Structure formats: structure tokens, C-alpha cells
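Asker:
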Amino acid sequence: MIDLLRDIVAGLFLVAGAGFILVGAIGINRMPDLFTRIHAASLIDTTGVGLVLVGLMFLGGFSLVTVKLVFLLAFLLFMGPVATHALAAAALHAGIKPDLADAPKPPRGGKAANGKAANDRTANGKPAGAKAAGSRAAARKAGPL
Amino acid sequence: MARMASLGLFLFVFWLLLSGHYTVWLIGAGLIVSALLAVGAHFLGLADEEGHPVNRLGAGLAYWPWLAVEIIKSSVDVARIILNPKLPIAPEMFETKVGPRTPVGVATYANSITLTPGTITVEVDRERDTFLVHALTRAGADGVRGGEMDRRVTRFEGRAA
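Going down the list, the sequences are from chains U and G.
The UniProt record's numbering numbers the first residue of the first sequence as 1 and each following residue consecutively.
The UniProt record's numbering numbers the first residue of the second sequence as 1 and each following residue consecutively.
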């Protein structure tokens, strides 16, 4: 009876984790630019993998396997964000401009509207984006680098 | 000195839990190796409050459950955005003030923002004590600007601002 309950709880965690991984994968395909894709990816490497590991802990029971899974989860939660941050920082330093929702709010529409908004931004949004990047570069220059 | 002993103890327990084979040879080897590593780390300057912040463990146990709940909540939010056919995103890049002062506190705050789906710490500026944060939606950005996580990390850090 307890075993059955444990399997059910573990299964729920595993299915939830797999669901988040699937949604994250869909998100990576749907998001428009690199920075927004990182958000979708963090759904996978934090929540998806985290829930799968918790589900496996229930299956492991009180054993050394579970202890190792706890270590794995801890390392993942400490190192995942460092890698994500490094990726985002490297992309910014390489000159990739994030696709931002600027002052003229892009219409909340389907695919066609999104495409139109992107075109508008490349046409009119250049000066604002360039200015923001310029001030960031100036701020960086003032720093120790 | 106490920190060095604590690091040695942590390394030895880590060894025991990973090994699972409790023979005199393996336990003795683990004892010697973890003692050597702790002493080495001490003389290399790695066993300091930044490299082995064991005194923050209790505060961490109070902070991490709150962080886990926040991660789950914002994960559901981001999943709903992805599955929404309209994809209602409004990416934002903004600077936010950083309350924590110690290296451990700043790293914890930056990592917490990144761990929470929907927000990433892109740059850490320790000169001006600001983070450059990229948020997927206005709600996520407002969550960071609201500063609750900042206050909780400052409390976790152990130095009331």
C-alpha cells in the first residue's frame, strides 16, 4: 500500500517534470530571440530536471541513491544559473541586441502581428536601442575594465 | 581554523555518502584525503567565508524553501505564456539595486534571479551595486523591482541593511 502510494507520488513528479521539459522545448522553438529562449530553457534545467530528480528520490527511498540525487539536485541548482548567466553575459558582450518591448507597445497579436512588430522595431526602434547599448558601453568603460 | 575543521568534516561526510563501501581502507583513505584537502584549502585561502560559507547554512534552510515556491510559481507562469497561442511576452532589460553586500549574498541573489524562470541576471556590477536583469514579462520585471527577494537574501546574508 505504501509502495503503491510512493510510486504514484513519484510518478506525478516525473510526469510533471517531463511536462515542464516538453513545454520548455516548445518554448525554445516559439520564442523570438536568444534572451527569451534562455527563459524557456531555464524552465527545463531548473523546474523540469528538478521535478524529475525529486520523483526519482521518492523511488529511491531512504538509501544512498537518494543522497546522491540530493547532491545532484544541489549541484544543479548552484551551477545551472552560473552557466545561464555566463551565456547571457557572453551574448550581450558579443553584441547581440535583445529584442525588447519598447515604449510603443507591440500589439499583442498572433504570428502575423508579431512579424509586423518586429519589422516596425527594425525600422523605428534602432535609435533607441543603439542609445541604450551606447550608455551601457559607456557604463562598462567607466568600470574597472 | 574552525572553518578549516568544518570543511574537512564536510568533505569526509561527502566521501562517506558517495562511497557506500565502509571498509577500514576506504574510510581511512577518505579521512586522510579530506584532511589534506582542508589543510590545503586553508593555506590557499579557499576555506574562507566565501569559499565555505557554512555559517550561512541555517539561514539558507530558511531561504531555500521560499525560493523553491517562487521557482514553481514563476515556472507555471512561464509555461502558461509559452502555451498561450498569442505568446504574450514583453521582454525588458533593466537595472536593479542590490541590497546584499557580501560576495556570498550577491552571488546568491544573482543566482536566485536567474534560477527563477522568466528573469535572468545578465550583468553584475559590483562597483555601483546593480544587476542588469532581463525579464520575459512586465510582471516578472515588477517581481524583481518589488524587492522581496532582495530583502530575503539580505536577511539570509545575515547583515540587516
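Backbone N, C-alpha and C define an ideal beta-carbon position, used for all residues, glycine too.
Source: prediction; values computed, not measured.
(1) Is the CB of U/R37 under 8 Å away from at least one CB in chain G?
(2) Using a beta-carbon distance cut-off of less than 7 Å, what residues from the segment 103 to 114 of chain G approach chain U?
(3) Quick check: what's the CA-CA separation for G/F43 versus G/R3?
(4) Going by the beta-carbon positions, is the gap between U/L43 and G/P117 smaller than 8 Å?
(5) To the nearest angstrom, how far is the alpha carbon of G/R9 from that of G/L37?
(6) Measuring straight from C-alpha to C-alpha, what distance separates U/N29 and U/R37?
(7) Given that G/V69 touches chain U, what residues does it touch there, using C-beta distances under 7 Å?
(8) Below 8 Å on the Cβ atoms is my guess for G/V104 versus G/V122; work out the distance and round it to an integer in Å.
(9) Alpha carbons only, please: which of G/L83, G/Y109, G/W64 and G/L18 is nearest the one belonging to U/L64?
(10) Inspect the beta-carbon positions of U/V9 and U/F58 and report whether they are closer than 8 Å.
(11) Residue 163 of chain G: buried (16+ other C-beta within 10 angstroms of its C-beta) or exposed?
(12) Do U/T46 and G/I82 have their CB atoms nearer than 8 Å?
(13) Could you tell me which of G/R80, G/S112 and G/V13 sits nearest to G/T154, measuring between CA atoms?
(14) How far does the alpha helix (DSSP H) with G/E70 in it extend, from its first residue to its last?
Answerer: The answer reads as follows:
(1) Your numbering for residue 37 of chain U matches position 37 in the first sequence. So, not an interface residue.
(2) Within the segment 103 to 114 of chain G, the residues whose Cβ lies closer than 7 Å to some Cβ of chain U are A110, N111 and T114, listed in chain order.
(3) Taking the second sequence and counting its residues from 1, the one referred to as residue 43 of chain G is at position 43. Taking the second sequence and counting its residues from 1, the one referred to as residue 3 of chain G is at position 3. Answer to the nearest angstrom: the Cα atoms are 12 Å apart.
(4) In the first sequence, the residue the question calls residue 43 of chain U occupies position 43. In the second sequence, the residue the question calls residue 117 of chain G occupies position 117. Their beta carbons are under 8 Å apart, which means U/L43 touches G/P117 by this criterion.
(5) What you label residue 9 of chain G is simply residue 9 of the second sequence in a count that begins at 1. What you label residue 37 of chain G is simply residue 37 of the second sequence in a count that begins at 1. According to the sequence as given, residue 9 of chain G is Leu; it is not Arg. Between G/L9 and G/L37, the C-alpha separation is close to 11 Å.
(6) Position 29 of the first sequence holds residue 29 of chain U. Position 37 of the first sequence holds residue 37 of chain U. Taking C-alpha positions only, U/N29 is separated from U/R37 by approximately 8 Å.
(7) To locate residue 69 of chain G, count along the second sequence from 1; it is residue 69. Correct list: empty, because the minimum Cβ distance to chain U is about 12 Å.
(8) Taking the second sequence and counting its residues from 1, one reaches residue 104 of chain G at position 104. Taking the second sequence and counting its residues from 1, one reaches residue 122 of chain G at position 122. About 21 Å separates the Cβ atoms of G/V104 and G/V122, ruling out a contact at the 8 Å cut-off.
(9) In the first sequence, counting from the first residue as 1, residue 64 of chain U sits at position 64. Nearest option by C-alpha distance: G/L18.
(10) What you label residue 9 of chain U is simply residue 9 of the first sequence in a count that begins at 1. What you label residue 58 of chain U is simply residue 58 of the first sequence in a count that begins at 1. Against a cut-off of 8 Å, the Cβ pair of U/F58 and U/V9 comes out as a contact.
(11) Nothing can be reported for residue 163 of chain G: it is not among the residues displayed for chain G, which extend from 1 to 161.
(12) Within the first sequence, residue 46 of chain U is the residue found at index 46, counting from 1. Within the second sequence, residue 82 of chain G is the residue found at index 82, counting from 1. For the pair U/T46 and G/I82, the CB atoms are not nearer than the 8 Å cut-off.
(13) Counting from 1 along the second sequence, the entry for residue 154 of chain G is found at position 154. Looking at the Cα atoms, G/S112 is the closest of the given residues.
(14) Here residue 70 of chain G refers to the residue found at position 70 of the second sequence. First-last of the alpha helix (DSSP H) with G/E70: L57 to L83.
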